[in-house]
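Worksheet: one structure, shown below.
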Amino acid sequence: MHEITRRILAGDARGAARAITCIENDYPERSRILRELFPHTGRAKLIGITGTPGAGKSSLVDCLIGYLRKLGLKIGVVAVDPTSPFTGGALLGDRVRMQNHALDSGVFIRSMGTRGSLGGLSRNTRDAVRVLDAYGCDVILIETVGVGQSELDVMTIADTTVVVLTPGGGDSVQAFKAGIMEIADLFVINKADLPGVEKLRIEVEQMLDLAKHDALWRPPIVQTVSTTGQGMAELWEQVGQHQRFLQESGEGQVRRSRHLQEEVLDIVRDSLYQRLLGGIKTGRYRDELERVAAREADPYSAADRIVREWWGPTP
């Protein structure tokens, strides 16, 4: 067993931090550590929190952490940030306020970026969540900056996805992509002490009325004021209701099985991509690529020849 694995299973925060660094930088020991950790995962509740910038997600997460710590729960937070392709640095923004819990040994907070890798955001986040699961977190909160496709992909990791809205913020329901409404298991109207709360609630209810009527779960709407802690108990109660629904209906097992199957395909896809990239860098396909660049061949036929060279004719 790798030393980092032993440290994580012993509840060592520095070991968990080191493992996530290995994941972000794709160090050689990454795969071994994750293989060893896998049998020790699957126990944590995975809660995704997404919504438009300015909805107060970080304040909500900060407040929720405080509430859950009072319940005696060990909390992990993976804050997903877009990464600059030039600097490779994650944009922390207003997540500094989460540092209220920096000295609490029962809270582990880590910000993740894409590092410019293909599909890297969701895979790295998933692996970081797995580390925190093995580390012993009871609840893992996955927060995203915005609602772009990469953030929506990340939300597939979660068992329960919370979509955060705010009244009067210009983020009416109509402004959301269909995707974010489809993944919502629970809506939070944050900053509920501002005008326009009831209007926003009606908009969400109307949107839910137009959704599939055969859905077994109708996402509830919770009002919160993260600056005062208002609504945290109800929010956690509704999360619990959804978790119970997942367990009793069997939907939770279906989701996790589907996610694991998708993960295998993601790993295969990434591995093949890296091997092909290595072949290009070593000049293995230079002639093929130069022919395309000179317009002597089309990219589709070139790609097909490369695939056939690797795996033979497609069935």
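Residue numbers (UniProt numbering): 1 to 315. For every residue, glycine included, the Cβ atom is placed at its ideal position computed from N, Cα and C. Everything numeric in this text was worked out from a predicted model, so none of it was measured.
Using C-beta distances below 6 Å, list every residue in its chain close to residue i, excluding the 5 sequence neighbours before and after it, in chain order.
i: L210; result: none
i: W311; result: none
i: V188; result: V162, V164, V222, T224
i: V77; result: I109, L141
Here's the rule: buried if 16 or more other CB atoms are within 10 angstroms of the residue's CB, otherwise exposed. What is residue i?
i: T144; result: buried
i: L91; result: Residue placement at L91 is flagged as unreliable, the pLDDT there being 44, under the threshold of 50; the coordinate-derived value follows with that caveat. Looking at its Cβ environment, which holds fewer than 16 other Cβ atoms inside 10 Å, L91 is exposed.
i: K199; result: exposed
i: N124; result: buried
i: A16; result: buried
i: S271; result: exposed
i: K74; result: buried
i: T5; result: buried
i: G231; result: buried
i: T52; result: buried
i: V268; result: exposed
Check the C-beta distance from residue i over to residue j and give it rounded, since I have them as a contact under 8 Å.
i: T160; j: V239; result: 6 Å
i: S257; j: L216; result: Not a contact, Cβ separation roughly 17 Å.
i: L246; j: A158; result: Incorrect: roughly 11 Å between the Cβ atoms, too far for contact.
Beta-carbon within less than 8 Å of residue i's beta-carbon, same chain only, minus the 5 sequence neighbours each way: which residues are those?
i: G56; result: V164, T166, N190, K191, S226
i: P299; result: V292
i: G11; result: Y135, G136
i: M155; result: G48, T50, I142, T144, T161, I183
i: A13; result: S105, F108, Y135
i: R18; result: I4, R7
i: L60; result: I49, V164, V188, N190, T224, S226
i: E288; result: A297, A302, R305, I306
What residue does the alpha helix (DSSP H) around residue i start on, and which one ends it?
i: T41; result: It is not in any alpha helix (DSSP H) - T41 carries neither H nor E in the DSSP assignment.
i: G302; result: The amino acid at residue 302 is misidentified as Gly; the sequence shows Ala. Per DSSP, A302 belongs to the alpha helix (DSSP H) from 299-311.
i: L200; result: 197-210
In terms of residues, what are the limits of the beta strand (DSSP E) holding residue i?
i: Q223; result: 221-223
i: M112; result: 107-112
i: V163; result: 160-165
i: V188; result: 186-189
i: T227; result: Segment: none, T227 is in no beta strand (DSSP E) and carries neither H nor E.
i: T156; result: Careful: T156 lies outside any beta strand (DSSP E) and carries neither H nor E.
i: L141; result: 139-144
Go through its chain and collect everything with a Cβ distance to residue i's Cβ below 7 Å, but skip five positions before and after it.
i: H2; result: E29, R32, I33, E36
i: G168; result: L194, P195, G196
i: R218; result: L208
i: E263; result: R126
i: Y27; result: none
(request) Jot down the residue ranges of each uninterrupted alpha helix (DSSP H) in the segment 247-290, minimum 4 residues, whole runs only, in chain order. (result) Considered as a whole, the segment 247-290 harbours 251-281 as its complete alpha helix (DSSP H) runs of no fewer than 4 residues, in chain order.
(request) At 3 residues or longer, and completely inside the segment 7-79: list those beta strand (DSSP E) runs for me, N to C. (result) Qualifying beta strand (DSSP E) stretches, in chain order: 45-51.
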